[in-house]
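0 is the number of the first residue of the sequence shown in numbering that gives the first Met the number 0; add one for each residue after it.
I have placed the structure first, in the form of structure tokens, so that the comments after it can refer back to it.
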Amino acid sequence: MLRTQAYIVAIATALFLAGCAGLGSMEKAIETLNLKVNPETLILRGDIVEVEITGNFPAKYFAKKVRLEATPVLVWDGGEAAFAMEGFQGEDAAGNYTVVPFEAGKSFTYTASIPYDAAMEDGSRLELRLRGLKGDKAVDFDPYVLCNGVITTPSLVQPDDKFAMTPDRFKRTMSYELVEDNTTEVTTKEATNAKNAVSISYAYNSSRVTTAETRTDGWKAMKELFVLAASADSVSLTGVTIEAYASPEGEITLNEDLATNRTESAQKALMKELKRKKIETAEGFYTLMAKGEDWNGFKRLMKASDIADKDLILRVLEMYSDKTKREEEIRNIAKTYSEIEDQILPSLRRSEIAIAYTVEGYTDEELITYASSTPATLTVEELLFSATLFDDVNMKYTIYAACADTYSSDPRGHNNAGVCLMEMGRRNQAEEAFNSARSLDPNNQAVLNNLGAIARQKGKTDEAASLFGKAGSGPEVSYNKGLVAITQGNYGAAISTMSGATTANLALAKLLNGDANGAKTTLENANDDSAVSSYLLAICSARLGDGEGVKRNITDALTKDGTLREKAKSDLEFQNYRSELGL
């Protein structure tokens with residue numbers, strides 16, 4: 000019965016084609032179109048499958064009143080996906096399709112794409128389905144197989160995203176300078192501008208350090224520092240700078256000599272204190288700077304004073320370019336304004352002493368002990384550095400987590416704990432840690448990079464690209480941008496941004512960009528013994544026509560990871576090596 004029905008359908012089709020002059024001959028001559036797919040097997044690019052088909056309608060092939068609708072269709076077991084239809088028509092046919100001259104014929108190039116479906120990888124094929132139309136009649140040609148399915152090598156991209164630590168600013172030896180109210184860490188530049196620890200005042204035209212000057216709070220703080228330096232091995236005095244001044248109402252030569260004498264008297268007073276504490280100093284420990292008259296200091300104190308005519312007084316004094324004349328005028332003004340005589344000028348007769356010292360921090364062994372037992376006793380910089388002293392990622396995480404807990408407003412502990420969590424395979428918790436860090440520092444480049452890496456791993460490619468763009472530059476960001484580029488099918492860009500790396504993913508980008516030799520070299524230098532690396536080497540060998548290399552590397556890959564066997568069986572990269580592989 001079924002055979003009878005099939006026979007009837009065949010007879011009906013033949014009669015129909017006979018009534019559609021031109022369509023039957025066109026279908027029979029389909030081979031003359033010289034249809035070719037480039038490349039010969041479809042390849043996944045990003046998340047789409049692209050196709051390019053070239054062909055040529057030979058002379059006197061295309062009937063003048065016929066229209067032809069061509070639709071490439073990717074077919075697999077249980078499903079299919081159609082590419083966009085392309086229409087052609089003869090010279091006398093009605094419609095808006097591409098016209099094909101009857102006498103000359105016409106070549107064509109067709110390009111289109113469809114979204115990728117994982118089912119396409121397994122035994123799919125690309126068919127060209129043609130529908131011929133003449134007047135109100137239509138006939139579907141037999142499907143014409145163009146090529147076997149889809150090469151999915153791009154899906155071999157590995158989740159080796161680079162996560163960035165936020166660095167500590169730990170210094171084993173800290174440099175300090177004693178200032179008048181407390182002890183503050185300063186840089187060399189900051190130390191130059193800092194308020195000095197000890198300020199010695201002098202009587203008019205005198206350089207003698209009185210007993211009263213050695214009882215000030217600054218002097219007491221200095222003595223306490225000397226006691227500490229004498230008793231603690233970790234504290235070392237590194238230098239003293241003494242700057243001495245004279246008030247600007249005296250004669251220039253006298254003021255210069257007076258300033259020199261004041262540096263020397265201050266030095267002697269300091270040396271006496273150091274001798275009492277049995278502290279020896281090296282050559283060059285003292286820096287003496289005789290500044291002469293302090294005209295700038297006078298102007299500063301005048302501007303800060305409550306003297307009603309202070310602006311007028313300063314304008315008048317600044318009119319004198321002759322310092323001798325200006326000094327005389329200051330003396331005259333001081334007789335009129337008691338605040339100048341009693342407060343401003345005496346404040347300028349001084350020596351200012353800056354005492355620099357260092358404090359040697361904990362040893363590595365001490366830091367490991369304290370970080371493990373009492374992390375809250377360490378500073379944030381000490382904790383962050385301590386974590387780097389551990390090889391075990393679990394211990395690193397413990398220290399960073401303690402840092403995040405103790406110094407919760409510092410994003411670095413949160414971020415670095417997140418990096419450890421990623422290494423431990425706890426991605427969800429890592430993302431929480433990175434988000435905590437971002438809430439504290441929204442523009443932190445390391446944090447943005449790390450969140451971008453997680454977004455990429457979760458398939459959120461656009462979000463990842465946006466985060467990497469905000470993260471700026473750096474080796475981790477650049478590499479991760481390369482992973483996004485591979486995912487998006489931009490292989491040249493991936494190679495560029497991943498330059499300097501030697502990984503399976505860089506090799507994959509080169510392979511997909513048509514450089515199998517370059518990919519092979521990268522893999523051989525990658526120090527990567529993974530199954531995927533061996534699998535990629537097998538693909539390189541296949542593309543280079545090296546059958547022995549294919550067999551050797553596939554065997555190696557399957558030995559390392561047997562789950563790759565099913566992929567290798569259907570992988571069109573090896574379609575010419577089925578018998579050698581025995582798959």
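Just so you know, even glycine gets a beta-carbon here, dropped at the ideal spot from N, CA and C.
Computed from a prediction, not measured in an experiment: that's the story for all the values here.
1. Please give the ranges of any beta strand (DSSP E) in the region 22-103, keeping only runs that are unbroken, at least 3 residues long and fully inside the region.
2. What residues are listed by DSSP as bridge partners for Asn147?
3. Here's the rule: buried if 16 or more other CB atoms are within 10 angstroms of the residue's CB, otherwise exposed. What is Tyr203?
4. For Ile343, which beta-bridge partners are listed by DSSP?
5. Comparing C-alpha positions only, which one of Ser205, Leu43, Asp363 sits nearest to Leu155?
6. DSSP three-state call for Arg299: helix, strand or coil?
7. So, with DSSP's three-state summary, where would you put Gly513?
8. Whole alpha helix (DSSP H) runs in the region 192-241 with 4 or more residues, listed along the chain?
9. Whose C-beta lies closer than 8 angstroms to the C-beta of Leu580 among residues of the same chain, with five residues either side of it excluded?
10. Just to confirm the assignment, what range does the beta strand (DSSP E) spanning Glu176 have?
11. Between Val531 and the rest of its own chain, which residues show a CB-CB distance below 7 angstroms, the 5 nearest in sequence each way excluded?
12. Have a look at the DSSP bridge pairing and note the partners of Met288.
13. Starting from Thr460, follow the alpha helix (DSSP H) in both directions and report where the run begins and ends.
14. Return the first residue and the last residue of the alpha helix (DSSP H) that Ser583 is part of.
15. Decide yes or no for the touch test of the region 330-346 against the region 381-388: beta carbon pairs closer than 8 angstroms, at least 3 of them.
16. Could you check the C-alpha separation between Tyr244 and Leu450 for me, to the nearest Å?
17. Output yes or no for whether 8 angstroms exceeds the beta carbon distance between Ala429 and Ile398.
18. Starting from the C-beta of Ser198, find all residues in its chain whose C-beta is less than 7 angstroms away, skip the five residues before and the five after it, and write them out in chain order.
19. In or out: Lys219 buried (at least 16 other Cβ within 10 Å) or exposed?
20. Are the region 37-51 and the region 102-115 in contact at 8 angstroms, needing three or more beta carbon pairs?
21. Taking Ser350 as part of the beta strand (DSSP E), name the residues at either end of that continuous run.
22. Using a 10 Å radius around the Cβ and a threshold of 16 neighbouring Cβ atoms, would you call Ser106 buried or exposed?
23. By how many angstroms is the C-alpha of Asp160 removed from the C-alpha of Thr520?
24. Of the choices Gly499, Thr373, Ile453, whose alpha-carbon is the least far from that of Val483?
25. So, for Ile332: in the same chain, excluding its five sequence neighbours on each side, which residues have a beta-carbon less than 7 angstroms away from its beta-carbon?
26. From the DSSP output, read off the bridge partner residues of Tyr109.
27. What would DSSP say about Pro374, mapped onto helix, strand or coil?
28. Please go through the same chain and pick out, in chain order, the residues whose beta-carbon is closer than 6 angstroms to the beta-carbon of Asp570, but skip the five residues on each side of it.
29. What is the rounded straight-line gap between the Cα of Glu85 and the Cα of Leu127?
30. Give me, in chain order, the residues of the same chain whose beta-carbon lies closer than 8 angstroms to that of Gly78; leave out the 5 immediate sequence neighbours on both sides.
31. The alpha helix (DSSP H) with Asp404 in it runs from where to where?
32. Could you check the C-alpha separation between Ile306 and Tyr356 for me, to the nearest Å?
33. Find out if the Cβ-Cβ distance for the pair Ala525, Leu543 is shorter than 8 angstroms.
34. Would the region 359-375 and the region 320-327 be scored as touching if the rule is three or more Cβ pairs under 8 angstroms?
35. Judging by CA-CA distance, which residue of Asn414, Thr376, Gln266 is the nearest neighbour of Ile354?
36. Would you list the residues sitting across from Val446 in a DSSP beta bridge?
Quick look at the numbers:
1. 41-44, 47-56, 66-75, 78-81, 85-88
2. Arg124
3. exposed
4. None, per the DSSP bridge assignment.
5. Leu43
6. Looking at Arg299 - three-state DSSP - the assignment turns out to be helix.
7. Looking at Gly513 - three-state DSSP - the assignment turns out to be coil, as it is neither helix nor strand.
8. Taken in chain order, the complete alpha helix (DSSP H) segments of 4 or more residues contained in the region 192-241 are 216-230.
9. Val549, Lys550, Ile553, Ala567, Phe573
10. 172-177
11. Setting aside the 5 residues that flank it on each side, Val531 is surrounded in the same chain by Leu155, Gln157, Ala503, each with a C-beta closer than 7 angstroms to its C-beta; the list follows chain order.
12. Glu242
13. 460-470
14. Residue 583 lies beyond the residue range present for the chain, which begins at 0 and ends at 582; the question has no answer from this structure.
15. no
16. One C-alpha to the other measures close to 58 angstroms.
17. no
18. Gly217, Arg349, Glu351
19. exposed
20. yes
21. 349-359
22. Ser106 comes out exposed.
23. 22 angstroms
24. Ile453
25. Closer than 7 angstroms at the Cβ level, and outside the excluded window around Ile332, lie Ile312, Ile339.
26. According to DSSP, which records beta bridges pairwise, Tyr109 is partnered with Ile52.
27. helix
28. none
29. 11 angstroms
30. Closer than 8 angstroms at the Cβ level, and outside the excluded window around Gly78, lie Asp116, Ala118.
31. Start and end: 392-405.
32. Rounded to whole angstroms, Ile306 to Tyr356 spans 40 angstroms at the Cα level.
33. no
34. no
35. Gln266
36. Its beta-bridge partners do not exist; DSSP assigns none.
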